[in-house]
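Report on one structure; see the data block that follows.
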Amino acid sequence: MQGRKLGKTTRIVDRCIQEFFENGETYVYERTDSGENCENLTEHVSSVFLKRMDSEHRGTKYKHRLINKDGILCYHVKKID
């Protein structure tokens with residue numbers, strides 16, 4: 125099973141997209157298995173999130189920016205009306 129993907133990023137992105145459409149905003153980030161906040165993982169999951177938004181929800185207007193929320197490096201994504 126070496127190299128097999130576990131779907132963690134997909135589950136995070138699914139959750140963030142659902143939260144975005146329910147609340148009008150979401151915080152996109154990923155942590156290591158030990159619970160540490162990791163900038164590279166956050167960059168990766170935000171890239172996947174943005175690609176999914178572009179391909180599956182084209183025309184949805186939003187803005188995103190990198191922030192530190194409660195000690196967690198994340199992308200705040202907010203819907204624009």
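Numbering of the sequence shown is given in the working numbering, commencing with residue 125 and proceeding in unit increments.
All residues carry an ideal CB built from backbone N, CA and C; glycine is no exception.
Measuring alpha carbon to alpha carbon, tell me which of the options ends up nearest residue i.
| i | options | result |
| --- | --- | --- |
| ILE204 | GLN142, ASN147, LYS193, LEU197 | ASN147 |
| LEU174 | ASP194, ILE141, GLY131 | ILE141 |
| TYR186 | GLY195, ASP138, TYR199 | TYR199 |
| ASP157 | ARG189, LEU130, GLU167, HIS188 | LEU130 |
Terminal residues of the continuous alpha helix (DSSP H) containing residue i?
| i | result |
| --- | --- |
| HIS188 | Looking at the DSSP string, HIS188 is not in any alpha helix (DSSP H); the run it does join, the beta strand (DSSP E), is 186–193. |
| THR133 | 132–147 |
Please classify residue i as buried or exposed, where buried requires at least 16 other C-beta atoms within 10 Å of its C-beta.
| i | result |
| --- | --- |
| PHE144 | buried |
| PHE180 | The identity of residue 180 in the sequence shown is Glu, whereas the question assumes Phe. GLU180 should be labelled exposed. |
| GLU160 | exposed |
| ILE136 | buried |
| ILE191 | exposed |
Is it the case that the Cβ atoms of residue i and residue j are separated by a distance below 8 Å?
| i | j | result |
| --- | --- | --- |
| VAL169 | VAL201 | no |
| LEU197 | GLU149 | no |
How many whole angstroms separate the CB atoms of residue i and residue j, which I take to be in contact at a CB cut-off of 8 Å?
| i | j | result |
| --- | --- | --- |
| CYS155 | LEU165 | The sequence given here places Arg at residue 155; Cys does not occur at that position. Right, their Cβ atoms sit about 7 Å apart. |
Would you please verify whether the beta carbon of residue i is less than 8 Å from any beta carbon of chain B?
| i | result |
| --- | --- |
| VAL201 | The chain inventory of the structure shown lacks chain B, comprising one protein chain alone. |
The beta strand (DSSP E) with residue i in it runs from where to where?
| i | result |
| --- | --- |
| HIS181 | First-last for HIS181: undefined, no H or E at that position. |
| TYR199 | 196–203 |
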